[in-house]
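Colleague:
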Amino acid sequence: MILADKIMMLRKKKGWSQEELAEKMNVSRQSVSKWESGNSIPDLNKILMLSRIFSVSTDFLLKDEIEEGETWDEDISQEESQVYRVSIQEAKDYLKASTHFMKQVRLGVVLCILSPFLLILLGDMSEFGVIRMSEDFAGSIGICVLLPMVACATALFVTGGLKMKPYDYLEENQIELEYGVSGIVKEEKRRREAANRIYIVLGVTLCILSPLPLIMGDSLGVSLMTESVFTVLLLVIVSAAVFLFITAGMINSSFDRLLQEGDFSRKKKRGKKRAEKIMGIYWPVITVIYLLYSFISGEWWISWVIWPAAAVASGIIEAVCGWKEA
1 MILADKIMML
11 RKKKGWSQEE
21 LAEKMNVSRQ
31 SVSKWESGNS
41 IPDLNKILML
51 SRIFSVSTDF
61 LLKDEIEEGE
71 TWDEDISQEE
81 SQVYRVSIQE
91 AKDYLKASTH
101 FMKQVRLGVV
111 LCILSPFLLI
121 LLGDMSEFGV
131 IRMSEDFAGS
141 IGICVLLPMV
151 ACATALFVTG
161 GLKMKPYDYL
171 EENQIELEYG
181 VSGIVKEEKR
191 RREAANRIYI
201 VLGVTLCILS
211 PLPLIMGDSL
221 GVSLMTESVF
231 TVLLLVIVSA
241 AVFLFITAGM
251 INSSFDRLLQ
261 EGDFSRKKKR
271 GKKRAEKIMG
281 IYWPVITVIY
291 LLYSFISGEW
301 WISWVIWPAA
311 AVASGIIEAV
321 CGWKEA
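For the sequence shown, position 234 matches number 234 in UniProt numbering, and the numbering has no gaps at all.
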């Protein structure tokens, strides 16, 4: 179905005459008549105006994919009419807010990873007599540092999430960028691609090198006290890697969300709604497992592996949900 037929079909669906549509478009009735007869084509500004008036996307108006006789109402009225249009100012505000949120998230995650550092150090120092303190008292001090760090991280996650709440519509609904916005967003994404690649490469490198302090400690035959220091160093290296991953991942995701690409394509958005219900309980359960295992076993030096494993598993869950939707 060509543009002329679509304009006529949408006008009749609204129950408007050519004069009524012309009045809304600030054009003459003859112009509307020429559009519907195919003798002329509305310019870009008029197409954008038609898109807003009829509550459909410009893609629907411009693409000749829907043929006459197809039941366009079910496919278009339910999905295309729910399209949210994003202005350049909204896009800028969102990118600014998402950058601030990314900084809060990466700081919160680093705090969570490093939170047991004093518990590890004081526990071993008291055990080997480096400090005159009972193991229980040393453990209590470590917990008194661990819990506030986790609490601060949680506060960062919650406050950041609340600040991003006004932009939920970008992820939950089909969106369309206003004229010129897509080009600006794509250019900004392209400009940051090189930096993001460097962040990811450095992050992977740090993850590979993270066990090196413990390996060196074993090979050099250092004391158990020194090994605890190396364990804390391992946590520092892992936190630096995660810091880089979050920086690259969240920045790229903010662009994909606006452009509806990658994990935020229209098809994947539908699958993501199913995954969100699962993720709502998934991460709290992972947190409980991490804390329980770490406290019961005391193996803080290895329990951090739960987080990357959980991240991989969450990706599989989301992929399965997206596959079912497709």
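Glycine included, every Cβ here is placed at the ideal spot set by N, Cα and C.
This structure is a prediction, so every number in the text was calculated from the model and none was measured.
Determine whether the beta carbon atoms of residue 248 and residue 200 lie at a separation below 8 Å.
Modeller: yes
Colleague: Is residue 261 helix, strand or coil when you go by DSSP?
Modeller: Coil, per DSSP.
Colleague: Does DSSP classify residue 132 as helix, strand or coil?
Modeller: coil
Colleague: I'd like to check one pair, residue 114 with residue 239: are the Cβ atoms closer than 8 Å?
Modeller: yes
Colleague: Are three or more beta carbon pairs between the stretch 164-180 and the stretch 86-93 nearer than 8 Å?
Modeller: yes
Colleague: Express the C-alpha separation of residue 63 and residue 2 in angstroms, rounding to a whole number.
Modeller: A straight-line Cα-Cα distance of about 8 Å links residue 2 and residue 63.
Colleague: Could you check which residue in 297, 245, 263 and 317 has the C-alpha nearest to that of residue 105?
Modeller: Between residue 105 and the set 297, 245, 263 and 317, the nearest pair of CA atoms involves 245.
Colleague: Taking the alpha carbon of residue 125 as the reference point, which residue from 228, 160 and 151 has its own alpha carbon closest?
Modeller: 228
Colleague: On the three-pair Cβ rule with 8 Å, is the stretch 174-194 touching the stretch 254-262?
Modeller: Yes, they touch.
Colleague: Just mark residue 75 as buried or exposed, buried being the case when its beta carbon has 16 or more other beta carbons within 10 Å.
Modeller: Low local confidence applies: a pLDDT of 46 at residue 75 is under 50, so the model's placement there is unreliable, with the coordinate-based value given in what follows. Exposed.
Colleague: In chain order, what residues of the same chain lie with their CB nearer than 8 Å to the CB of residue 204, ignoring the 5 residues before and after it?
Modeller: Counting only Cβ-Cβ distances below 8 Å, and skipping sequence neighbours, we find 241.
Colleague: Straight-line CA distance for residue 12 to residue 58?
Modeller: Cα-Cα distance, rounded: 18 Å.
Colleague: From 319, 237, 85 and 298, pick the residue whose C-alpha is nearest to that of residue 135; which is it?
Modeller: 298
Colleague: Extract the residue ranges of the alpha helix (DSSP H) inside the stretch 99-144, only unbroken runs of 4 or more that lie entirely within it.
Modeller: 117-127
Colleague: Once the 5 residues before and after residue 109 are set aside, which same chain residues still bring their CB inside 8 Å of it?
Modeller: Excluding positions up to five away in sequence, the list reads 153, 239, 242, 243 and 246.
Colleague: Cutting at 7 Å between CB atoms, please list the residues of its own chain near residue 6, excluding the five before and the five after it.
Modeller: 61
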